[in-house]
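**Student:**
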Amino acid sequence: DPLRPAVATIKRIQGPVELLSATAPAVPARVGMTLSPKDRIQTGDKARALLVFVDGSELTIGESAEIVIDEYLYNPKAQRGRSFLAVLKGAFRFTTGKLGGLADRKIEVRTRAANLAVRGTDFWGGVLDGALSVVVFAGRVEVQTRVGSQILDKPRQGTTIALHNSGDPALVGTAASAPTAPAIWQDAKVAQAVDTISFR
Numbered sequence: 029d030p031l032r033p034a035v036a037t038i039k040r041i042q043g044p045v046e047l048l049s050a051t052a053p054a055v056p057a058r059v060g061m062t063l064s065p066k067d068r069i070q071t072g073d074k075a076r077a078l079l080v081f082v083d084g085s086e087l088t089i090g091e092s093a094e095i096v097i098d099e100y101l102y103n104p105k106a107q108r109g110r111s112f113l114a115v116l117k118g119a120f121r122f123t124t125g126k127l128g129g130l131a132d133r134k135i136e137v138r139t140r141a142a143n144l145a146v147r148g149t150d151f152w153g154g155v156l157d158g159a160l161s162v163v164v165f166a167g168r169v170e171v172q173t174r175v176g177s178q179i180l181d182k183p184r185q186g187t188t189i190a191l192h193n194s195g196d197p198a199l200v201g202t203a204a205s206a207p208t209a210p211a212i213w214q215d216a217k218v219a220q221a222v223d224t225i226s227f228r
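The sequence shown begins at 29 in the numbering used here and counts up one residue at a time.
1) What's the call for PHE227, buried or exposed, on a 16-neighbour Cβ count within 10 Å?
2) If we ignore side chains and look at the alpha-carbon of each, how far apart do PRO197 and ASP73 end up?
3) From VAL80 to ALA54, what does the alpha carbon distance come to, in whole angstroms?
4) Pick helix, strand or coil for GLY125, following the three-state DSSP scheme.
5) What is the residue span of the beta strand (DSSP E) that GLN214 lies within?
6) Taking all protein chains shown into account, do 16 or more other C-beta atoms lie within 10 angstroms of the C-beta of ASP223, making it buried, or fewer, making it exposed?
7) At the level of alpha carbons, what is the spacing between VAL171 and LEU101?
8) Indicate the three-state DSSP secondary structure (helix, strand or coil) for ALA93 in the structure shown.
9) For ARG68 and SER205, I'd like the C-alpha separation in whole angstroms.
10) Excluding five sequence neighbours on each side, which residues of the same chain lie with their C-beta closer than 7 Å to the C-beta of ALA75?
11) Just to check my reading of the structure: ALA57 and ILE38 have Cβ atoms closer than 8 Å, yes? What is that Cβ distance to the nearest angstrom?
12) Grab me the residues of LYS182's own chain with a C-beta within less than 8 Å of its C-beta, minus the 5 sequence neighbours each way, in chain order.
13) Checking 9 Å against the spacing of the C-beta atoms, do ILE97 and ALA142 come in under that value?
14) Assign GLN107 to one of three DSSP states: helix, strand, or coil.
15) According to the Cβ coordinates, are ARG121 and THR71 closer than 9 Å?
16) Drop a sphere of 10 angstroms on the beta-carbon of GLN107, count the other beta-carbons inside from all chains shown, and report buried for 16 or more, exposed for fewer.
17) Identify, in the order they occur along the chain, each residue of the same chain with its Cβ nearer than 6 Å to the Cβ of GLU86, setting aside the five sequence neighbours on each side.
18) Would you kindly check if the distance between the Cβ of LEU116 and the Cβ of THR139 is under 9 Å?
19) Using a 10 Å radius around the Cβ and a threshold of 16 neighbouring Cβ atoms, would you call GLN214 buried or exposed?
20) Should VAL59 go down as buried or exposed, given a rule of 16 or more other Cβ atoms within 10 Å for buried?
Structure representation (structure tokens):
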């Protein structure tokens, strides 16, 4: 369908994963399935999914997660790229591919508590200890809420955002607080984050 180009492929799955197409009912996701803009992926208990976009960007999502490809464009000839992803809940790790090197690029990951503006990078986001947490492994991410923002631009530098309903592991509700000052995460916290999206 030229109006709904395939922009990503499911490369790996663990546990129950569903693909909800914008134009069709939910189906069990399988390796090799492609996604178009407006499609969404939902993962179940102990599930994982790895999506690889046409520019080589990789998105790994953890259990009980829901993500939507809001918009995606990769035009190397015109040096133009757009990648807008919505993480409605759950943990994720995103590594930008060739799109991160285009002259005119905009890469954003939107959660219900914060917007993450990305400059060619590798980073993780999810809820740890009741707060939305973001850590950068390479590159630069600006973490923005309605009341403040912080820039993460050193390896293992992270920030947290208090959520209204801290008992809920899902990324729900809006953040009343600004992101905390960036701090280098200890090994144990990095391991805890990476574990949420690691395949078993």
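We put the CB at the ideal spot given by N, CA and C, even for glycine. Note that the structure is a prediction, hence the values are computed from the model and not measured.
**Tutor:** Here's the rundown:
1) As a working mapping, residue 227 is identified with position 199 in the sequence shown. With fewer than 16 other Cβ atoms within 10 Å, it is exposed.
2) Taking the sequence shown and counting its residues from 1, one reaches residue 197 at position 169. Taking the sequence shown and counting its residues from 1, one reaches residue 73 at position 45. Since pLDDT at PRO197 reaches only 46, below the 50 mark, its modelled position is unreliable, and no value is offered.
3) Taking the sequence shown and counting its residues from 1, the one referred to as residue 80 is at position 52. Taking the sequence shown and counting its residues from 1, the one referred to as residue 54 is at position 26. Spanning the two alpha carbons is a distance of roughly 20 Å.
4) The residue you call residue 125 lines up with position 97 of the sequence shown. Correct three-state label for GLY125: coil.
5) As a first step, residue 214 must be located in the sequence shown, where it is residue number 186. It is not in any beta strand (DSSP E) - GLN214 carries neither H nor E in the DSSP assignment.
6) Numbered from its first residue, the sequence shown carries residue 223 at position 195. Burial call: exposed.
7) Translated into positions along the sequence shown, residue 171 becomes position 143. Translated into positions along the sequence shown, residue 101 becomes position 73. Spanning the two alpha carbons is a distance of roughly 22 Å.
8) The sequence position of residue 93 within the sequence shown is 65, counting from 1. In this structure, ALA93 counts as coil in the three-state DSSP scheme.
9) Numbered from 1 along the sequence shown, position 40 holds the residue referred to as residue 68. Numbered from 1 along the sequence shown, position 177 holds the residue referred to as residue 205. So the alpha carbons of these two residues sit roughly 28 Å apart.
10) Position 47 of the sequence shown, counted from the first residue, corresponds to residue 75. Around ALA75: GLN42, GLY43, PRO44, VAL45, GLU91.
11) Taking the sequence shown and counting its residues from 1, one reaches residue 57 at position 29. Taking the sequence shown and counting its residues from 1, one reaches residue 38 at position 10. The pair is a contact, with the Cβ atoms about 6 Å apart (cut-off 8 Å).
12) Here residue 182 refers to the residue found at position 154 when the sequence shown is read from its first residue. These residues qualify, in order along the chain: VAL164, PRO210, ILE212.
13) As a working note, residue 97 is residue 69 in the sequence shown. As a working note, residue 142 is residue 114 in the sequence shown. Their beta carbons are not under 9 Å apart, which means ILE97 does not touch ALA142 by this criterion.
14) Translated into the one-based positions of the sequence shown, residue 107 becomes position 79. Three-state result, GLN107: coil.
15) Within the sequence shown, residue 121 is the residue found at index 93, counting from 1. Within the sequence shown, residue 71 is the residue found at index 43, counting from 1. Contact: no.
16) If you number the sequence shown from 1, residue 107 lands on position 79. It counts as exposed.
17) Sequence index remark: in the sequence shown, residue 86 carries index 58 (1-based). Counting only Cβ-Cβ distances below 6 Å, and skipping sequence neighbours, we find VAL80, THR123.
18) Stepping through the sequence shown from its first residue, residue 139 is reached at position 111. Stepping through the sequence shown from its first residue, residue 116 is reached at position 88. For THR139 and LEU116, yes; Cβs fall inside 9 Å.
19) As a working mapping, residue 214 is identified with position 186 in the sequence shown. Exposed: under 16 other Cβ atoms inside 10 Å.
20) Translated into the one-based positions of the sequence shown, residue 59 becomes position 31. The residue is exposed, with fewer than 16 neighbouring Cβ atoms inside 10 Å.
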